[in-house]
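Residue numbers (my numbering): -9 to 322. Where a beta carbon is used, it is the ideal one built from N, C-alpha and C, also for glycine. Each remark here refers to the structure printed beneath this line.
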């Protein structure tokens, strides 16, 4: 039941931020108290699985070790949000800026479920659901082109379909182990699904326009919390189906995506001048390191990949918070 308490507290913290959005000090206090309570529940929660509609939700030691940095990153970004406080206004941008933590915690709740589920298809669906609240943060910049939020929604739907189809092919493989085409097809669809949602080069065409419409802290949450959940799901998938890495080109594809993302991220970061796009480009560097580590598959490489993800979350949080403070308080 501890995981249900964590989810309830996550949503309650988001609701409290929404109610207190005109009082930045109380927003800060509510965020701090709610995050501390959730952190305590994560640390002291039981590892016993909880059955929910025939599926097990469990916070074992490895899940908690991954969840704790994700929760800390989300909490830190939400704590930075009062720095962007705007006077009470009916403008959508002001309402979003003053209650940004609501959207972050609303997005975090489905992501927690995705990390705790023992079913990859359901976890992939909850991962996609966790991305949906971020669309509400987007503010259109023009009417002469398709908005970044619409592109992000379309890419999320396509990627989720690819992940589910790849998983289905993977489930069929044990019945016909001589049919390696099933594994190749599964590797192809899984690479497409993860590549799109992780915004790995060359599947990152949607990132720029979506980042332009997002607040900087929202981009930080997407890159520092939401996308690493996908890498966690990839680890779980490879653990449950080791033949996927042994008999298919998936690992080679991950290494190739990692190398291209590393080079592309460096190029985009050097050429970019807009804050949101700059943060998104920097996130590609550590994503490339992580994908290379996962693709190599050794214990040392996996440890390096996890360190790269933690460094990514910490760096994006500090950079996003600092830039937000500078942009909203230039006099300081």
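Residues sharing a beta bridge with residue i, DSSP
i          : result
residue 47 : 40 and 107
Residue range of the alpha helix (DSSP H) that includes residue i
i           : result
residue 194 : From DSSP, residue 194 is part of no alpha helix (DSSP H); its letter is neither H nor E.
residue 157 : 138 to 162
residue 169 : Segment: none, residue 169 is in no alpha helix (DSSP H) and carries neither H nor E.
residue 130 : Element bounds for residue 130: n/a, residue is neither H nor E.
residue 283 : 265 to 286
residue 227 : 217 to 230
Residues near residue i in its chain [Cβ-Cβ closer than 7 Å; skip 5 each side]
i           : result
residue 224 : 184 and 284
residue 220 : 117, 184, 187 and 188
residue 253 : none
Reduced DSSP secondary structure (H/G/I, E/B, other) of residue i
i           : result
residue 204 : coil
residue 29  : helix
residue 236 : helix
residue 68  : helix
residue 188 : coil
residue 13  : coil
residue 96  : helix
residue 199 : helix
residue 251 : helix
residue 242 : helix
Other residues of its chain near residue i: CB distance less than 8 Å, five sequence neighbours each side excluded
i           : result
residue 114 : 104, 150, 153, 154, 157, 183 and 223
residue 98  : 0, 60, 61, 64, 120 and 215
residue 300 : 59
Sequence-distant residues of the same chain with beta carbon closer than 6 Å to residue i, five excluded per side
i           : result
residue 289 : none
At which residue ranges does the region 289 to 321 contain complete alpha helix (DSSP H) runs of 4 or more residues, listed in the order of the chain? Within the region 289 to 321, the runs of alpha helix (DSSP H) that reach at least 4 residues and sit entirely inside it are, in chain order, 289 to 318.
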